[in-house]
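Going letter by letter, the sequence shown gives residues -18 to -1, 1 to 320 in mature numbering (1 follows the signal peptide of the UniProt record, and there is no 0). Where a beta carbon is used, it is the ideal one built from N, C-alpha and C, also for glycine. Following: one structure in structure tokens, then a few remarks.
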Amino acid sequence: MFFKISFILLILIKIIYSSTLTDIEKLANAKKLIEKINLEAKGWKAKLHERFAKMDDKHLKLLGENLTKRNTNEENNNNNNNNRRKRQATCTDNVAFDARTAFPSCADIIGSIQDQSSCGDCWAVSVASAFTDRYCIENEKVGNPPASDDPTARFSAIDLASCTPNTSGCGGGDPYRAWLWTKQTGVVTGTDNTWATGCEPYPFPPHADANYTVPSCSSSCTTNWNTNFSTDKRFSVWTGFLQGPGNNAAMQNEIRANGSVVAAFDRTPSAIYKGGHAVRVIGWGTQTCSDGTSTDYWLAANQWNTDWGLQGYFKIVRGTDECGFETKEISFGTPNIN
């Protein structure tokens, strides 16, 4: 199952050891678990992410909320050698749609993977990233796409995280509320922490293990940005969301026409993960394996940097509402480019 590549692996690693273990012990345990999982894997291979393997429990807000203990017997299902050999089938990836290739002038912008750092503001980072993608795409449609190195075409996650009403900053929030905020009040420019430019760049460094809180909502740009705060803002002219079953075709049509959408989702069917996360969805495809099986998937961009998952991306099963991915909340908006 594609989702297990990193989300479930990361959570299982956290269950196996307590925060009292040393980093060396944590990594050793994680490596043993990865070896075990890869004996059972089909169509994917687990890998070690030291950043997450070393995390203490207090930093789990990076994921969302809480963990529910899993019955270890469930992890130790008796699989015979024939099943294990079958699971080592070779697989081919058939990409049906990828926004990076569908909107080539915006490929670099859409392909930018963020790092939300040690702050649970995935809801704001994913919306700011999707707004940025869609701003570029709307401009591409009229023959005027921004350059990938233009900071005036990158929009601020921390502006949304700090200012969106009825949200909790690093403690979580609703992506659609952030989209509504871009329509009602707008969002200013702001790049990631590494680039560190724009009206309100992201304040938290990548790969950090501090316990961050968002700053107060600001009404002024940083001192090294010469554009007035109100002039810097861009707005959504329209926002929308999909909830409940039966919206997969609408979700695909929206991505195909206008670019990335934001998916909010929560737990695995086995209830290992309890809490919420939000990511950009940029495409879909089908993986076909030599044992005759195939799996439809969504292609999503996470915001845990490029050393996570598939260089920052992951695939999650499409058509079965895996983890509530298709029904909890799919949100989007149309930026005003005038």
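Taking DSSP as the reference, what is the three-state secondary structure of residue i?
{"i": "K106", "result": "The question names Lys, but residue 106 in the sequence shown is Ala. In this structure, A106 counts as helix in the three-state DSSP scheme."}
{"i": "S198", "result": "coil"}
{"i": "T221", "result": "strand"}
{"i": "F307", "result": "coil"}
{"i": "P187", "result": "coil"}
{"i": "N62", "result": "Per-residue confidence for N62 stands at a pLDDT of 45, beneath the threshold of 50, marking its modelled position as unreliable; the derived number appears in the next sentence. In this structure, N62 counts as coil in the three-state DSSP scheme."}
{"i": "E47", "result": "Reliability fails at E47, whose pLDDT of 30 lies under 50, so the model's placement of it is uncertain and no value is given."}
{"i": "D75", "result": "strand"}
{"i": "D97", "result": "strand"}
{"i": "S313", "result": "strand"}
{"i": "R136", "result": "coil"}
{"i": "L292", "result": "strand"}
{"i": "T173", "result": "coil"}
{"i": "A192", "result": "coil"}
{"i": "R52", "result": "Any reading at R52 must be qualified, since the residue scores a pLDDT of 30, below 50, and its modelled position is unreliable; the value itself is stated next. Three-state DSSP puts R52 in coil, outside helix and strand."}
{"i": "A112", "result": "helix"}
Give me whichever residues DSSP pairs with residue i in a beta bridge.
{"i": "Y279", "result": "G267, V299"}
{"i": "D80", "result": "G265"}
{"i": "W207", "result": "Paired residues: none, contrary to the question."}
{"i": "A260", "result": "A246"}
Along the chain, where does the alpha helix (DSSP H) that runs through residue i open and close?
{"i": "D248", "result": "Neither: D248 is in no alpha helix (DSSP H) and is coded neither H nor E."}
{"i": "C145", "result": "139 to 145"}
{"i": "F211", "result": "211 to 214"}
{"i": "A129", "result": "A129 -> no alpha helix (DSSP H), and no H or E assigned at all."}
{"i": "T162", "result": "Per the sequence presented here, residue 162 reads as Leu, with Thr not at that position. Start and end: 157 to 166."}
{"i": "I91", "result": "89 to 92"}
{"i": "Q234", "result": "230 to 240"}
Residue i and residue j look like a contact to me (Cβ under 8 Å); what is the Cβ gap, rounded to whole Å?
{"i": "V169", "j": "F211", "result": "Wrong, their Cβ atoms sit about 11 Å apart, outside the cutoff."}
{"i": "S218", "j": "T164", "result": "4 Å"}
{"i": "W280", "j": "V263", "result": "5 Å"}
{"i": "E182", "j": "S150", "result": "That belief does not hold up - the Cβ atoms of E182 and S150 are roughly 19 Å apart, past 8 Å."}
{"i": "residue 322", "j": "W161", "result": "Since the first residue shown for the chain is -18 and the last is 320, residue 322 is missing from the structure and cannot be characterised."}
{"i": "N76", "j": "T302", "result": "The pair is not a contact, with the Cβ atoms about 18 Å apart (cut-off 8 Å)."}
{"i": "D90", "j": "P188", "result": "The Cβ separation is near 18 Å, so there is no contact."}
{"i": "I319", "j": "Y117", "result": "7 Å"}
{"i": "E102", "j": "G154", "result": "It is Gly, not Glu, that sits at residue 102 in the sequence shown. Correct: roughly 5 Å between the Cβ atoms."}
{"i": "D115", "j": "C152", "result": "No, D115 and C152 are not in contact; Cβ-Cβ is about 23 Å, not under 8 Å."}
{"i": "F79", "j": "I237", "result": "7 Å"}
Taking CB distances under 8 Å as the criterion, tell me whether residue i reaches chain C.
{"i": "Q166", "result": "In the structure shown, chain C cannot be found, because there is only a single protein chain."}
Is it true that the segment 289 to 307 meets the segment 99 to 118, where meeting means three or more beta-carbon pairs spaced less than 8 Å apart? no
Specify whether the segment 261 to 279 and the segment 214 to 226 touch according to this definition: at least 3 beta carbon pairs, one from each stretch, less than 8 Å apart. no
Inter-stretch contact (C-beta, 8 Å, three-pair minimum) for the segment 192 to 202 and the segment 124 to 139: no
Inter-stretch contact (C-beta, 8 Å, three-pair minimum) for the segment 201 to 209 and the segment 171 to 186: yes
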